[in-house]
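*Asks:*
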Amino acid sequence: MESPFKPDILKGMVALLTGGGSGIGFEISTQLGKHGALVAIMGRRKDVLDSAVATLQSQGIRAIGLEGDVRKQEDAIRVLDSTIKHFGRLDILVNAAAGNFLVSAEDLSPNGFRTVMDIDSVGTFTMCHEALKYLKKGGLGRGPSNGGTILNISATLHYTASWYQIHVSAAKAAVDSITRSLALEWGTDYDIRVNGIAPGPIEDTAGLSKLAPVEIKSKAKEYRPLYKVGEKWDIAMAALYLASDAGKYINGTTLILDGGLWLSRPRY
Ligand code: HXC
Numbered sequence: 679m680e681s682p683f684k685p686d687i688l689k690g691m692v693a694l695l696t697g698g699g700s701g702i703g704f705e706i707s708t709q710l711g712k713h714g715a716l717v718a719i720m721g722r723r724k725d726v727l728d729s730a731v732a733t734l735q736s737q738g739i740r741a742i743g744l745e746g747d748v749r750k751q752e753d754a755i756r757v758l759d760s761t762i763k764h765f766g767r768l769d770i771l772v773n774a775a776a777g778n779f780l781v782s783a784e785d786l787s788p789n790g791f792r793t794v795m796d797i798d799s800v801g802t803f804t805m806c807h808e809a810l811k812y813l814k815k816g817g818l819g820r821g822p823s824n825g826g827t828i829l830n831i832s833a834t835l836h837y838t839a840s841w842y843q844i845h846v847s848a849a850k851a852a853v854d855s856i857t858r859s860l861a862l863e864w865g866t867d868y869d870i871r872v873n874g875i876a877p878g879p880i881e882d883t884a885g886l887s888k889l890a891p892v893e894i895k896s897k898a899k900e901y902r903p904l905y906k907v908g909e910k911w912d913i914a915m916a917a918l919y920l921a922s923d924a925g926k927y928i929n930g931t932t933l934i935l936d937g938g939l940w941l942s943r944p945r946y
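The sequence shown: position 28 = 706 (our numbering), numbered continuously.
1) Measuring CB atoms only, is the segment 835-842 touching the segment 800-816, in the sense that at least three cross pairs come out at less than 8 angstroms?
2) If contacts are defined as beta-carbon pairs under 8 angstroms, then isoleucine 687 and glycine 714 qualify, I think. What distance do you get, rounded to the angstrom?
3) Excluding the five sequence neighbours on either side, which residues of its own chain have a C-beta within less than 7 angstroms of the C-beta of threonine 804, listed in chain order?
4) Whose CA, out of Ile844, Gln735 and Arg945, lies closest to the CA of leucine 889?
5) What are the uninterrupted segments assigned as alpha helix (DSSP H) that are 4 or more residues long and contained completely in the segment 693-761, given in chain order?
6) Between aspartate 869 and asparagine 824, is the Cβ-Cβ spacing less than 7 angstroms?
7) Pull up the CB-CB distance for leucine 771 and leucine 694, whole angstroms please, since I reckon it's below 8 angstroms.
8) Can you give me the C-alpha to C-alpha distance between valine 692 and lysine 897, rounded to a whole angstrom?
9) From serine 787 to methionine 795, what distance separates their C-alpha atoms?
10) Comparing C-alpha positions only, which one of Leu920, Tyr842 and Arg767 sits nearest to glycine 690?
11) Using the Cβ count rule (16 or more neighbours within 10 Å means buried), how would you classify alanine 924?
12) Between alanine 884 and the rest of its own chain, which residues show a CB-CB distance below 8 angstroms, the 5 nearest in sequence each way excluded?
13) Tell me whether phenylalanine 704 counts as near the ligand HXC, meaning its Cβ is closer than 6 angstroms to at least one heavy atom of that ligand.
14) Could you please give me the residues that DSSP links to isoleucine 934 through a beta bridge?
15) Under the criterion of a Cβ to heavy atom distance below 6 angstroms, does leucine 694 qualify as lining the ligand HXC?
16) According to DSSP, what are the bridge partners of isoleucine 770?
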């Protein structure tokens with residue numbers, strides 16, 4: 679679908695996306711790039727990064743891939759350093775790296791719980807922490823903001839309770855809390871806006887194929903009136919809105935993109 683935004687709304691800006699080589703992260707990489715941003719993507723798998731960068735470049739987007747694991751502080755430092763060496767600045771950090779699997783709380787080992795907390799929550803904080811010194815100078819001085827911006831990809835699982843997702847629910851609750859705390863501290867001190875996006879079920883993603891088996895998709899309408907599957911494009915458009923000057927007054931919000939699903943109850 680064509681974007682409703684002008685193609686130069688992010689012109690001259692540099693974006694770094696963790697988990698930017700696949701799924702929702704890759705669509706955000708693509709749309710930020712199509713709207714003028716220079717794009718660095720960070721991920722653990724070289725083959726995924728290589729193929730993502732080739733696809734971005736084939737669309738005329740200036741993109742680089744940087745191998746790294748958000749669980750390792752030294753990787754975060756190195757990847758940020760490489761982004762600055764390559765593109766000279768940092769305006770937008772998108773934390774999209776996430777770990778997930780379905781498992782009952784009874785069967786989940788504490789190390790399994792910790793692993794997802796480490797990727798989603800600690801990884802998000804680590805990237806933000808190491809990016810701060812660059813984001814302070816980001817934002818191109820456009821609009822009232824003198825700093826860059828951060829987008830944290832979250833979920834809606836923890837608004838209620840979700841079966842077999844105790845680890846991810848806890849991790850995303852922490853991510854939302856990090857979003858608010860950084861919005862307060864860094865918004866006040868550095869004009870850095872920090873927001874989140876909470877996607878519902880999105881087609882063609884690992885999240886949906888792992889977490890919502892086919893029968894849930896087909897039967898969901900019977901017990902969840904608002905059940906609709908979204909597109910990665912929907913998430914990327916929200917990212918553009920929040921990252922661009924269109925979102926200049928938005929700080930500390932996690933925008934829910936689920937078609938209203940988390941509100942919905944069975945029809946009585
Ligand atoms: C139970 C599991 C498990 C599983 C791993 N563990 N997979 N436990 N069921 N399926 C446990 C292991 O037993 C181990 O604990 C601990 O977790 C670490 O596992 P490792 O394999 O050593 O970790 P690692 O190789 O680092 O991999 C971590 C990973 C990650 C979390 C499994 O590779 C991963 O999930 N990658 C997929 C990424 C992904 O799907 N992203 C999309 C996210 S979608 P023990 O105790 O045995 O040592 C998303 C959407 C959420 O986030 C919202 C949807 C609506």
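Cβ atoms here follow ideal geometry from the backbone N, Cα and C, with glycine treated the same way. None of the values given here were measured: they were computed from a predicted structure.
*Replies:* This is what the structure holds:
1) no
2) What you label residue 687 is simply residue 9 of the sequence shown in a count that begins at 1. What you label residue 714 is simply residue 36 of the sequence shown in a count that begins at 1. With 8 angstroms as the limit, isoleucine 687 and glycine 714 qualify as a contact, their Cβ atoms being about 7 angstroms apart.
3) Along the sequence shown, read from residue 1 onward, the residue named residue 804 stands at position 126. The answer, listed in chain order, is Val748, Gln751 and Ala754.
4) Your numbering for residue 889 matches position 211 in the sequence shown. Its Cα nearest to that of leucine 889, the residue Ile844 stands out among Ile844, Gln735 and Arg945.
5) 701-712 and 724-736
6) As a working mapping, residue 869 is identified with position 191 in the sequence shown. As a working mapping, residue 824 is identified with position 146 in the sequence shown. Cβ distance < 7 angstroms, so aspartate 869 and asparagine 824 count as in contact.
7) Start at 1 with the first residue of the sequence shown, and residue 771 comes out as number 93. Start at 1 with the first residue of the sequence shown, and residue 694 comes out as number 16. That pair is a contact at about 5 angstroms.
8) Counting from 1 along the sequence shown, the entry for residue 692 is found at position 14. Counting from 1 along the sequence shown, the entry for residue 897 is found at position 219. Taking the straight line from one Cα to the other gives about 42 angstroms.
9) Locating residue 787 in the sequence shown gives position 109, where the first residue counts as 1. Locating residue 795 in the sequence shown gives position 117, where the first residue counts as 1. Approximately 13 angstroms between the Cα atoms of the pair.
10) Here residue 690 corresponds to residue number 12 of the sequence shown, with the count starting at 1. It is Arg767 whose Cα lies nearest to the Cα of glycine 690.
11) If you number the sequence shown from 1, residue 924 lands on position 246. Alanine 924 comes out exposed.
12) Here the question's residue 884 lines up with position 206 in the sequence shown. The residues are Ser700, Gly701 and Asn778.
13) Reading the sequence shown from its first residue, position 26 is the one you call residue 704. No, the Cβ of phenylalanine 704 stays beyond 6 angstroms of every heavy atom of the ligand HXC.
14) As a first step, residue 934 is located in the sequence shown; it is residue number 256 there, counting from the start. Answer is Ala876, bridged to isoleucine 934.
15) Translated into positions along the sequence shown, residue 694 becomes position 16. No, Cβ of leucine 694 sits at least 6 angstroms from all heavy atoms of the ligand HXC.
16) Within the sequence shown, the letter at position 92 stands for residue 770. According to DSSP, which records beta bridges pairwise, isoleucine 770 is partnered with Ala693 and Thr827.
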